[in-house]
Amino acid sequence: MRYADFEHVITQPRMSRYLAAMGDNTKSAMTLYRKNLWLSQELFTIISCFEVTLRNGINRHYQTSHGIHWLRDSAVPGGFFDKVSTQRTKNLILGAYNRLVAQGQYTNDKLVAVMDFGFWRYLFAQPQFLAGGQSLLQVFPAKPVSTAAIQYNHTFVFNELEKINGLRNRIAHHEPVCFLPAQPVKNTINARQQYNLILQLFRWMNVDEAGLLYGLDHITTACNEIDAL
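Numbering (this note's numbering), first residue to last: 445 to 673.
This is how it looks when you write it as structure tokens:
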């Protein structure tokens, strides 16, 4: 495709960053755009695997301590999220639960599946973590022991998950992942850092990330090809 046609489809403002990053070389700008899409797809695949692993770990943990239908029960009157401090969490659960009931499709597994990444991240926020019994860090049995310099507590985990959630949302909104922040400068450092963070959190959950992601993980290759442009 000619660059003029490509730019017409993608739009000039969106392509301007790619063009600037590649020194106004239109062919290279189109190549960078396509490789950014490839990297985004690769990252989203790994993030999706991590999200499913995280929510399943949380589900198993709370089923052990609060029962099979813990998620539904946490939001009903007297449930552990039935508090002023966790009202938004309660409302999210009840909204999803009521929709499933109206469709005749409620099961705990389906309720777990419809809650998004942000919901699971917020279970490590202070109000939700306390309401759930302050035990949720058990889903990361291999996390490091806290030191005077770094507290590997629920707040630390919440902040790490926020980074991944932010990247997930960026990809979902079709924002590029191959530039320095707010600059038209080609760079894959942030993508590599987020990728390594996900692998680290898999290890903290005692998950064999290499085995889980076998045949799916091409992030390093995608980053290397972008860096080589």
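Just so it is clear, CB atoms sit at the ideal spot from N, CA and C, and this is done for glycine as well.
Between residue i and chain C, is there a C-beta pair that is closer than 8 angstroms?
| i | result |
| --- | --- |
| N603 | Looking at the structure shown, chain C is missing, and only one protein chain is on hand. |
Taking just the CA atoms, how far does residue j sit from residue i?
| i | j | result |
| --- | --- | --- |
| R532 | L657 | 34 angstroms |
| T530 | I642 | 27 angstroms |
| T551 | L581 | 25 angstroms |
| G467 | R461 | 10 angstroms |
| V528 | N597 | 23 angstroms |
| V558 | L538 | 12 angstroms |
| F524 | D560 | 20 angstroms |
| F602 | F488 | 20 angstroms |
| L544 | H452 | 42 angstroms |
| H510 | N469 | 59 angstroms |
| T455 | Y447 | 11 angstroms |
| T591 | F600 | 12 angstroms |
| G655 | P521 | 42 angstroms |
| V651 | T497 | 9 angstroms |
| P588 | Q578 | 18 angstroms |
| L463 | A546 | 50 angstroms |
| I670 | D526 | 48 angstroms |
| T508 | P585 | 15 angstroms |
| D449 | A616 | 25 angstroms |
| N640 | P457 | 31 angstroms |
| G548 | N668 | 48 angstroms |
| E653 | L567 | 23 angstroms |
Quick one: residues in its chain with C-beta nearer than 6 angstroms to the C-beta of residue i, no 5 flanking neighbours on either side, listed in chain order?
| i | result |
| --- | --- |
| R565 | L605 and N609 |
| D517 | G523 |
| L574 | none |
Within 10 angstroms of the Cβ of residue i, are there 16 or more other Cβ atoms? Answer buried if so, exposed if not.
| i | result |
| --- | --- |
| K554 | exposed |
| M459 | buried |
| P620 | buried |
| T632 | buried |
| R612 | buried |
| N480 | buried |
| R478 | exposed |
| L660 | exposed |
| G501 | buried |
| I594 | exposed |
| Q572 | buried |
| Q638 | buried |
Between the beta-carbon of residue i and the beta-carbon of residue j, is there less than 8 angstroms?
| i | j | result |
| --- | --- | --- |
| A635 | L483 | yes |
| Y506 | G576 | yes |
| I512 | I663 | no |
| Y541 | A519 | yes |
| E486 | A626 | no |
Cutting at 8 angstroms between CB atoms, please list the residues of its own chain near residue i, excluding the five before and the five after it.
| i | result |
| --- | --- |
| F494 | I608, I642, L645 and F646 |
Tell me which same chain residues have a C-beta within less than 7 angstroms of the C-beta of residue i, skipping the five on either side of it?
| i | result |
| --- | --- |
| V556 | R499, N503 and L515 |
| R614 | V621 |
| A465 | L476, F623, P628, V629 and K630 |
| V583 | G501, I502, H505 and M649 |
| M424 | This structure leaves residue 424 out entirely; the chain is present only between 445 and 673. |
| H618 | none |
Looking at the ligand HEM, does it come within less than 7 angstroms of residue i, judged from the CB to the closest heavy atom?
| i | result |
| --- | --- |
| R543 | The ligand HEM is not among the ligands present in this structure, which contains no ligands whatsoever. |
Exercise for the section: Would you check if there are 3 or more beta carbon pairs closer than 8 angstroms linking the region 471-478 to the region 532-542? Expected result: no
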